[in-house]
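Structure record follows, encoded as structure tokens.
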Amino acid sequence: MPIDIDIAKVARLARIGLTAEELSHYEEQLQVILEHAARVQALPTDGVAPTAHPLPMVNAFRADEVEPTLDRDEVLAQAPDTDGPYFRVPPFLDE
Amino acid sequence: MDPADLSIAEAGARLRSGDFTAVDLLAAVRRRASMTEAILHAYLTIDADGATAAAEAADAALSRGEDRGLLHGIPIAVKDNMVTRGVETTCSSRILSGYVPPYDATVVERLKAGGAVIVGKTNLDEFAMGSSTENSAYGTSRNPWDPDRVPGGSSGGSAAVVAVGSALGALGSDTGGSIRQPASLCGVVGMKPTYGLVSRYGLIAFASSLDQIGPITRTVGDSVIVFEAIAGHDPSDATSYRGDLPDARADLEKGVKGLRIGIVRELSGDGIQPGVAAAFQETLDRLRDAGAEVREVSLPSTEYALSAYYLIAPAECSANLARFDGVRYGPRIDGASVEEMMSATRRDGFGPEVTRRILLGTYALSAGYFDAFYGQAQKVRTLVSEDFKEAYAEVDVLVTPTSPTTAFAVGERADDPLAMYLSDICTIPSNLSGDPAISVPVGLDDDGLPVGFQVLAPALGEGVMFRVAAEVERLSGFDGRPALASSEGAA
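Line by line, the protein sequences give chains P and E. Each residue of the first sequence is one higher than the last, beginning at 1 in this note's numbering. Each residue of the second sequence is one higher than the last, beginning at 1 in this note's numbering.
Structure, rendered in structure tokens:
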């Protein structure tokens, strides 16, 4: 059974700008992979709890104490564009 | 004997007895790299200055009587998805080209604290997604036993450098078999620890609930040495295990007499290459002769494990890789708005396999499909873990071939993502369950290609896992080096 994929929407959600040709190429490949992956639906799982993580654990936070962080200038030196102590990006909002 | 051909244990003993220095050992490993790299392309970066300084420091410390342990002065390579302060870390992706991390991953810190000499960074499939290194943005590494073939992946560079002696050991990372499969294809030992035993801090995340760092070495004993050096609680990793570490060493010499070894019905039949099946059977016979009780067990959910994995891993990857957006690191392609900039940057920065998995994961997590795909995959994950628990009520360890095939030709599976995915069938279940597993080389097939034998154990069962692995190593007597590693072979 073909799987319903709105590939343009998926690419937009993933923020990957693809051409129409690339979109249809990936859509075909996703069809094949998802048809195989959809086999998981054949397994009866009523009453089975999902596992998100192999270890049964709750959040393991450290004590809330101030510790040294990475050097700001060193971190900013890796950014494509900065403005003083900030990362700089193109406009977020329309006028 | 060339020091580059020694195990970590032997090299450490000879360093201490004064046969050679850490600087000599590093020079030997570099000679090996200069002999083989033109063919293998296993290193992305060789940190010449950093390694020299570390080797000199290791010698100076030893001469002062300061011994930092079994990795003191030992040249180790690190997969290029673990950050190294001041040394470029690319994850084999264009989206991180030129990235120089401001900190060391916890495993790198631990290696350095243990006196190890970090030789350089090894090639991988981009973001560790792949089984061949063919997805690297910086070129495919080659198998040392036959350069027309892949070294496996994603930790193919790490496996190849250990196979030829251009490092005495290496770190890899394993999300679905990425340590064990390349170890198998390159004829070395690769081990994935119990999830949580080794910190993931500074490992560039692919699928956080599956990723685990582990050693690639020439011997099982060396695997224990590197495992002991990198394992332990780390407050910087919220999924780091807080309990006592399993004793990996205590039972190494005990053999397998009286142990119950399970072969997995679902992983020993169809699709296993004849040479692999023969080597597997021969090893089983030897284990039986050595006093192990071999019986068959069933993991009925296994046939769904692969499908579940290829939903869970892409789902987590699509979330983890959202951070590569042209804002904080890596190159940027300009755009009029932030969305245009990010879409252009990510389009340019990610290769086809990474793009495919991000799209797959985004789809599996999107509204309307979540329950049918990701939610269902998580339930299958529970069933896989329950299968293992039931099996371990009957047997002490499970064994399978590591990979259904030996090394395949470069390009052979590059255009068929599903065929590439299917090669991970024997390794994926233990990532889903979080249990430890190790691949040990047991011989060469008729084409002269190495075959790996996998030993799986329950969570925190590193002791019995290493015990069986050590016996497999002794019984098989495999100690081969590819011809490429000798000067005649390279000439």
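By construction, the Cβ of each residue, glycine as well, lies at the ideal position given by its N, Cα and C atoms.
Chain P within 8 Å of residue i, Cβ atoms only
| i | result |
| --- | --- |
| E/Arg346 | yes |
| E/Gly335 | yes |
| E/Thr302 | no |
| E/Arg328 | yes |
| E/Ile358 | yes |
| E/Ser132 | no |
| E/Val198 | no |
| E/Thr239 | yes |
| E/Val472 | no |
| E/Ser343 | yes |
| E/Leu484 | no |
| E/Arg332 | yes |
| E/Asp174 | no |
| E/Tyr363 | yes |
| E/Leu511 | Past the boundaries of the shown model lies residue 511 of chain E; chain E is included only from 1 to 491, so the question cannot be answered. |
| E/Ala308 | yes |
| E/Gly452 | no |
| E/Phe370 | no |
CB contact below 8 Å: residue i versus chain E
| i | result |
| --- | --- |
| P/Asp81 | yes |
| P/Pro54 | yes |
| P/Glu65 | no |
| P/Pro90 | yes |
| P/Ala49 | yes |
| P/Thr45 | yes |
Integer Cβ distance of residue i from residue j, believed to fall under 8 Å
| i | j | result |
| --- | --- | --- |
| E/Arg295 | E/Val455 | Not quite, the Cβ-Cβ distance comes to about 15 Å (not below 8 Å), so this is no contact. |
| E/Ile74 | E/Ala11 | 6 Å |
| E/Val276 | E/Pro193 | Going by Cβ atoms, the distance from E/Val276 to E/Pro193 rounds to 25 Å, so no, they are not a contact pair. |
| E/Gly169 | E/Val226 | 5 Å |
| E/Gly152 | E/Leu203 | About 19 Å separates the two Cβ atoms, so there is no contact after all. |
| E/Asp104 | E/Arg481 | The pair is not a contact, with the Cβ atoms about 31 Å apart (cut-off 8 Å). |
| E/Tyr310 | P/Ile33 | 6 Å |
| E/Tyr43 | E/Val198 | Actually they are not in contact, since the Cβ atoms of E/Tyr43 and E/Val198 sit about 23 Å apart, beyond 8 Å. |
| E/Thr140 | E/Gly157 | Not confirmed; about 10 Å, so no contact. |
Residue from the options with nearest C-alpha to residue i
| i | options | result |
| --- | --- | --- |
| E/Thr382 | E/Thr345, E/Met342, E/Pro429 and E/Glu462 | E/Pro429 |
| E/Ser283 | E/Ala160, E/Ala469, E/Ile95 and E/Glu66 | Per the sequence shown, the amino acid found at residue 283 of chain E is Thr instead of Ser. Taking only the C-alpha atoms, the option nearest E/Thr283 is E/Ala469. |
| E/Ser433 | E/Ser184, E/Tyr392, E/Arg149 and E/Val440 | E/Tyr392 |
| E/Ile179 | E/Glu386, E/Gly452 and E/Val100 | E/Gly452 |
| E/Arg200 | E/Ala167, E/Gly221, E/Asp222 and E/Asp234 | E/Asp234 |
| E/Ala137 | E/Leu484, E/Gln212, E/Asp125 and E/Trp145 | E/Asp125 |
| E/Ala54 | E/Val23, E/Ala28 and E/Lys79 | E/Val23 |
| E/Pro450 | E/Tyr309, E/Ile39 and E/Arg149 | E/Arg149 |
| E/Arg242 | E/Gly255, E/Gly196 and E/Arg265 | E/Gly196 |
| P/Ala161 | E/Lys379, E/Arg347, E/Leu444 and E/Glu462 | Shown here, chain P extends from 1 to 95; a query on residue 161 of chain P therefore has no answer. |
| E/Lys254 | E/Asp479, E/Gly65, E/Phe466 and E/Tyr369 | E/Phe466 |
| E/Gly165 | E/Ile95, E/Ile76 and E/Ser93 | E/Ile76 |
| E/Leu475 | E/Arg413, E/Ala290, E/Ala51 and E/Val29 | E/Ala290 |
| E/Asp59 | E/Arg32, E/Asn81, E/Arg94 and E/Ser17 | E/Ser17 |
Same chain only: Cβ atoms within 6 Å of residue i, ignoring 5 sequence neighbours per side
| i | result |
| --- | --- |
| E/Phe206 | Phe127, Ala128, Thr175 and Cys317 |
| E/Ile425 | Leu306 |
| P/Leu76 | Thr82 |
| E/Phe20 | Pro3 |
| E/Ser7 | Arg218, Thr219 and Asp222 |
| E/Phe388 | Ser433 |
| E/Glu492 | Shown here, chain E extends from 1 to 491; a query on residue 492 of chain E therefore has no answer. |
| E/Gly477 | none |
The ligand ZN heavy atom lying under 7 Å from the CB of residue i
| i | result |
| --- | --- |
| P/Glu21 | Judged by which ligands are present, the structure shown has none, so any question about the ligand ZN falls away. |
Cβ neighbours of residue i in the same chain (closer than 8 Å, five flanking residues each side left out)
| i | result |
| --- | --- |
| E/Asp47 | Thr84, Val87, Ile118, Val119, Gly120 and Lys121 |
| E/Val464 | Asp251, Leu259, Asp396, Val397 and Ala457 |
| E/Ala229 | Gly69, Leu70, Leu71, Arg110, Leu111, Gly114 and Ala116 |
| P/Leu23 | Ile7, Ala8 and Ala11 |
| E/Tyr99 | Glu88, Thr89, Thr90, Tyr329 and Gly330 |
| E/Arg357 | Met129, Ala313, Pro314, Cys317 and Ser318 |
| E/Tyr374 | Leu311, Ile312, Ala315, Ala364 and Leu365 |
| E/Tyr369 | Tyr363 |
| P/Phe87 | Leu76, Ala79 and Asp81 |
7 Å Cβ shell around residue i - same chain, five flanking residues per side excluded
| i | result |
| --- | --- |
| E/Ala183 | Ala159, Val189, Gly190, Ile216, Ser439 and Gly452 |
| E/Ala490 | Unreliable placement is indicated for E/Ala490, whose pLDDT of 45 sits below 50; the coordinate value is still reported in the next sentence. Excluding residues within five positions, the ones whose Cβ falls inside 7 Å are Met35, Thr36 and Leu484. |
| E/Asp334 | Met341 |
| E/Ile272 | Pro401 and Pro404 |
| P/Val48 | none |
| E/Ala167 | Val29, Pro75, Ile76, Ala77, Val119 and Val161 |
**OP:** Give the residues from the region 13–36 of chain P that approach chain E closer than 8 Å (Cβ to any Cβ), ordered along the chain.
**Re:** Leu13, Ala14, Arg15, Ile16, Gly17, Leu18, Tyr26, Gln29, Leu30, Val32, Ile33, Leu34 and His36
Original post:
Using a beta-carbon distance cut-off of less than 8 Å, what residues from the region 375–389 of chain E approach chain P?
Top reply: Gly375, Gln376, Ala377, Gln378, Lys379, Val380, Arg381, Thr382, Leu383 and Ser385
**OP:** Determine which residues of the region 400–424 of chain E have a Cβ less than 8 Å from any Cβ of chain P, and write them out in chain order.
**Re:** Pro417, Leu418 and Tyr421
Original post:
Quick one, which residues of the region 80–107 of chain E are near chain A if we go by CB-CB under 9 Å, in chain order?
Top reply: Included in the structure are the protein chains P and E, with no chain A among them.
Original post:
Using Cβ-Cβ distances below 7 Å, what residues of the region 1–12 of chain P are close to chain E?
Top reply: Ile5, Val10 and Ala11
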